[in-house]
Amino acid sequence: MSNTKPDPAPSLTLERVRADIARILQADEADIADTDNLIDHGLDSIRLMALTQEWQAAGAPVTFDQLAAWPEINYWFSLLHGGRPIH
1 MSNTKPDPAP SLTLERVRAD IARILQADEA DIADTDNLID HGLDSIRLMA LTQEWQAAGA
61 PVTFDQLAAW PEINYWFSLL HGGRPIH
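Residue numbering for the sequence shown follows the numbering used here, starting at 1 and increasing by one per position.
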C-alpha cells in the first residue's frame, strides 16, 4: 500500500503553469524564469485572483493568500500539487 497522495491537479503541468502565467501577464514564456518574482513581471492582485480561480477549478488546493505569499513559478507549482517538490 502506497503512502503517496494522489496529485490533486494532474492537468496543471509545469508547462501549463508557465503558459498560464505568461498568458495572464501578456509576456513571452521565455522571458520569465521559474525563480523570478512575478511581481517584477507585472503580476497584480487582479491577475493573481484570476489564476487562483482558474487553478482551483482545475483541482488545485491553493488560495490567493498562499500564492501571494511567494509569487514564483517553482513555489506555485509545488503548492498546486499539494506541496510536493517539482522534481
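All C-beta atoms, glycine included, are put in the ideal place defined by N, C-alpha and C.
Cβ of ALA30 within 8 Å of Cβ of HIS41?
no
Three-state class that DSSP yields for VAL17 in the structure shown:
helix
Proximity winner among LEU25, PRO10, GLU15, relative to ASN74 (alpha-carbon distances)
GLU15
Enclosing alpha helix (DSSP H) for SER11 [first to last residue]
Per DSSP, SER11 lies in no alpha helix (DSSP H) and is assigned neither H nor E.
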